[in-house]
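Q: The opening residue of the sequence shown carries number 0 in numbering that gives the first Met the number 0; numbering runs sequentially from there. One structure follows; several queries about it will come next.
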Amino acid sequence: MFTHTEIWTALDRLAESVSTSPSGLAREAGLDPTSFNRSKRHSGAGKPRWPSTESLSKVLNVVNMSFEDFAALAGNTRGQGASVPVIGLAQAGDMGFFDDSGYPVGSGWDEVRMPGLSDENCYALEIVGDSMAPVYRAGDRVVVAPNQTVRRGDRVVVKTVDGEVMAKELHSLTQRKVGLISLNPDYDDREIDRRDVQWIARIVWASQ
């Protein structure tokens, strides 16, 4: 996927393309005007900070730009990206569409091109229903990277051995339990026995 520098470079170029500053871009999107300031791009200890997918989504909506066009602004020199399969959330819950590691199997999927994508194992899930609102709404697509390590605070897609598929925030992960925070406050948080989890995959992008 993109590097920290490439994403911020794309935001700077986007602001310039619409004749404003990063602060002005954030303000137009209804965000804190300092959200994209250079001082916010690293922590006090120098650790890179990333813009959230929600803030990027709001910016792209306000300037009427697709993710593909935004990705082109990053000027990624590592290739032209890849096409990834798009799988409906209902399909994801069916048996036979994924292997035990969370990789889609078979063929005949719709595809979407993701510029700058270097991970051939990524795929997109199309959200249905409101269980993940207001973060993800029906019709949104989340790009999932099943081979990336998941950590507390990551947004993830989880599939149980019973075929239930859900997008949550990972609260805890132990040898026995998986703790998940619901994105929609109308739905309960979950704690699932590890033996009941088929796979967990990290959400690396949301196209909204």
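We put the CB at the ideal spot given by N, CA and C, even for glycine.
#1: Measuring alpha carbon to alpha carbon, tell me which of L59, N60 and S34 ends up nearest R48.
#2: Please classify N75 as buried or exposed, where buried requires at least 16 neighbouring CB atoms within 10 angstroms.
#3: Quick one, are the C-beta atoms of T159 and D195 less than 7 Å apart?
#4: Alpha carbon to alpha carbon, how far is R151 from V61? Give it in angstroms, no decimals.
#5: Going straight from the alpha carbon of H170 to that of V177, what length do you get?
#6: Taking the alpha carbon of R201 as the reference point, which residue from H41, V155 and D109 has its own alpha carbon closest?
#7: Starting from T159, trace the beta strand (DSSP E) both ways and give me its first and last residue.
#8: Kindly indicate the opening and closing residues of the alpha helix (DSSP H) around H3.
#9: Apart from the five residues on each side of it in sequence, which residues of its chain come closer than 8 Å, Cβ to Cβ, to E125?
#10: Here's the rule: buried if 16 or more other CB atoms are within 10 angstroms of the residue's CB, otherwise exposed. What is V134?
#11: Could you tell me if A44 is buried or exposed, where buried requires 16 or more neighbouring beta carbons within 10 angstroms of its beta carbon?
#12: Taking C-alpha atoms, which residue in S22, K167 and E190 lies nearest to R175?
#13: From V83 to S18, what does the alpha carbon distance come to, in whole angstroms?
A: According to the structure shown:
#1: S34
#2: Confidence at N75 is low in this model, with a pLDDT of 48, below 50, so its placement is unreliable and no value can be given for it.
#3: yes
#4: 31 Å
#5: 8 Å
#6: V155
#7: R154 to T159
#8: H3 to S16
#9: V85, I86, G87, L88, G138, D139 and R140
#10: buried
#11: exposed
#12: E190
#13: 33 Å
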